[in-house]
Every structure is written in C-alpha cells, then in structure tokens.
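Enquirer:
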Amino acid sequence: MRRARESKRPASQVRPGARAGSGGGARARARTRAAAGATARAPAAPRSPDLLALARDVVRIEAAAVAALEPRLGSEFLAAVELLASCRGKVIVSGVGKSGLIAHKIAATLTSTGTPAVYLHPADALHGDAGLFTPGDAALFVSKSGGSEELLSLLPYLARHGIPLVSVIASPQSALARKSKVTLVTGPLREACPMDLTPTTSITLAQVMGDCLAVALLERRGFRAEDFRFLHPGGVIGRAASRRVEELMHDGDDLPRVGLEARLRDVMLEIMAKRLGITTVVDGAGRLAGVVSDGDFKRILTRHPQPWE
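When you read off a place in the sequence shown, starting at 1, and then add 5, the result is the number in the numbering used here.
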C-alpha cells in the first residue's frame, strides 16, 4: 500500500536533494561549469605605461623649467638679496604643504651660511608662535598660488612690526604677491606629472630660487671657508672643511719619488706602485726638481710608442 501511494505522487513534488532527470541535470551542470569558467577568467590587464619614458619626461620638464628661471633673475632678485642682507634681525621663512617643506630647507641653508633664519609654520604662528616676529626681522614666504589663507593670515603681524616681505611665488597676480615688497616669480610653469597637478616643477623651482638667495647672501656677507668650518664642526662636511694639508699629504715611503737619472720604465713603475697618478722627481740633495704624471706618459706614448727602447 505504501508503494502504491508513493507512485501516485506528482513528478513536480521531488524531495529536496533528490537527483533530477539526466537531461535537465546535464544542462544545468553545463551552465554551472560555463559560469564558473567565466568567473575564473580574469579580465585582461591594461597595458602598462612606459614608466622609464615617463621618468625621463619628468627630468626634461624640470630641467627646462630651471633653465628658464635663469633669465628671470634680475633687479628684483638683487633687491631681495639686499633686503635680506640688511635686516638687523632674523629671516622668518614660511610656507604651507610641500612649499612649507622647501621653506624649512631654505631656512636651514640660510642659517648654515651666515644668514640667521628660522622656519615658522603658519598654523603654529596662529597659536602663539607669531611671537617670533620682532622689529628688524625680514620675512620670506614660499607659495605656488599665492592664495594660501594660512600665509595671508600672517600679513597683519608683518605690518604690525614693519617687517618687509619677500615672496617666492609662481603667480605674480596673487594676493600674496601684491602684499610683498619684493616678489621673485618662478612661473608660469608646468608640473611634471601627467595631470599637471602634483607639486613637482613648482617645488624644484622654489628650492633653486632659495639656493640662489643663500649663495648670493653668503657672497654678499663675505662668508668664508673658515666661517663654514666653524658652523659645521660635525659630520663629513665639517671634517673636510677643518682638515689641514698635513693630514692629507703623502710623505715618507708613501710619497712617490724618483731621481733625475731614473729611466722612464722606473718612473712608470713608481707611479703604478704608489697609485697616485704622479711621482715627484728629486735631485741628489732630495730637493724637488719636478713631477711626472701618468698624463705625461700618455702624451709621450702618442709620439713614441716604445719610449724606453
């Protein structure tokens, strides 16, 4: 009786998990495999750009911009140098974002070459550090647009203390340029990134202009190697600037030396043995009579291929 009742159950009432007929099941499995295959096939990767060519473009764009900066240096630049050199106090350098990083570097370079300078972040100035501004100071602001609200907010402090402003700026028509006593224009310019947005060329030009000011100021102030050595007592630069000739020269057996009667072969062997590219020539009393360099040998060999025969 139970078998009879089960045989009368409609075909549509298949128990969950029961195996379907062979025809429909095969088609379903085929569709499943096709869908899985389509999912497994990843889309083709986009063609990668020529990154080396892009990097070379960056070099060309920035190098061309630096070269174009040279003819712009004129009376305004000289006025900026005189203004900064004549200030009785310190130079306060400021900027925002990437320009702020360059401003920080410019302040460090000025300080290390005889022009006392300090970097001031505009946001910190608005929270108490504006106390750095004192009569006799000068200000140097770095900006591409010249419209940074943070920098513009510092102008009342400059006016209050009578502090003159030099701006390194790409936009000569900006609000900051109009408020500056001297404007050093670095634009118009094209940023080196494909979107012409990432601060690249503008930052390079700002740093170059800062270097121009620092070098001109150290010359204007008569800054000497002795002064540089005094301000750089540590590190490789300090050691190199403070070392004396007696610490670097070769003497004794380390000094290449031949007599006046030495053969050319012996001279060449002495140069090769001491590895200095040169040898001294002394007389019988040990006094210096001259020198022979490997360059002299090259010139001799061009005329006499076998000079020792």
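Quick reminder that beta carbons are idealized off the backbone N, C-alpha and C, glycines included.
1) Closer than 7 Å by C-beta to V187: which residues in its own chain qualify, once you throw out the five before and the five after it? Chain order, please.
2) So, with DSSP's three-state summary, where would you put S3?
3) Short of 8 Å in beta carbon distance, which residues of its chain neighbour L194, apart from the five on each side in sequence? Order them along the chain.
4) Keeping to the same chain, check which residues put their C-beta closer than 7 Å to that of T139; ignore five residues upstream and five downstream.
5) Excluding sequence positions up to five away, which residues of its chain have a Cβ less than 6 Å from the Cβ of E67?
6) Quick check: the stretch 283-302 against the stretch 252-268, are there 3 or more CB pairs under 8 Å?
7) Measure the alpha-carbon distance for C92 versus G227 and round it to whole angstroms.
8) In this structure, how does DSSP classify A295 when only helix, strand and coil are distinguished?
9) Would you call the stretch 142-158 and the stretch 97-104 in contact, with 3 or more CB pairs under 8 Å?
10) Are P3 and K110 close, meaning C-beta to C-beta below 8 Å?
11) Can you tell which of R304, S298, D301 and A267 has the C-alpha that lies nearest to the C-alpha of D288?
12) What separation, rounded to the nearest whole angstrom, lies between the Cα atoms of A108 and L57?
13) Could you give the C-beta distance for R77 and V147, rounded to a whole number, given that I count them as a contact under 8 Å?
14) Measure the beta-carbon distance from E154 to A128 and round it to whole angstroms, keeping in mind my assumption that it falls under 8 Å.
15) Is the separation between the beta-carbon of R225 and that of A90 shorter than 8 Å?
16) Assuming Y162 and A135 make a contact with CB atoms under 8 Å, what is their CB distance in whole Å?
17) Look up S176 in the DSSP assignment and say whether it is helix, strand or coil.
18) Please state the DSSP three-state secondary structure of P233.
19) In this structure, how does DSSP classify L156 when only helix, strand and coil are distinguished?
20) Suppose you measure from the CA of K279 to the CA of D256; what does that come to, to the nearest Å?
21) How is G133 classed by DSSP in three states: helix, strand or coil?
22) Applying the criterion that 16 or more other CB atoms from any shown protein chain within 10 Å of the CB defines a buried residue, is V272 buried or exposed?
23) Please name the residue or residues paired with A211 in a DSSP beta bridge.
24) Give the DSSP-derived three-state secondary structure of S148 in the structure shown.
Expert: Reading from the atomic positions:
1) E81, A84, A85, L88 and V171
2) No answer is possible for residue 3: it lies beyond the span of the chain, which begins at 6 and ends at 314.
3) A70, A175, T206, S207 and L210
4) G94 and H166
5) A197, T206 and T209
6) yes
7) 16 Å
8) Sequence check: residue 295 is Gly here, not Ala. DSSP places G295 in strand when its eight states are reduced to three.
9) Contact holds between the stretch 142-158 and the stretch 97-104, because three or more Cβ pairs, one in each stretch, are under 8 Å apart.
10) Nothing in the structure corresponds to residue 3, since the chain is present only between 6 and 314.
11) A267
12) 30 Å
13) At roughly 16 Å, the Cβ-Cβ gap does not stay under 8 Å, so R77 and V147 are not in contact.
14) That belief does not hold up - the Cβ atoms of E154 and A128 are roughly 11 Å apart, past 8 Å.
15) yes
16) 5 Å
17) coil
18) Before going further, note that residue 233 is Phe rather than Pro in the sequence given. Of the three classes helix, strand and coil, the one that applies to F233 here is helix, per DSSP.
19) helix
20) 11 Å
21) Correct three-state label for G133: coil.
22) By the Cβ neighbour-count rule, V272 is buried, with 16 or more other Cβ atoms within 10 Å of its own.
23) Its beta-bridge partners do not exist; DSSP assigns none.
24) strand
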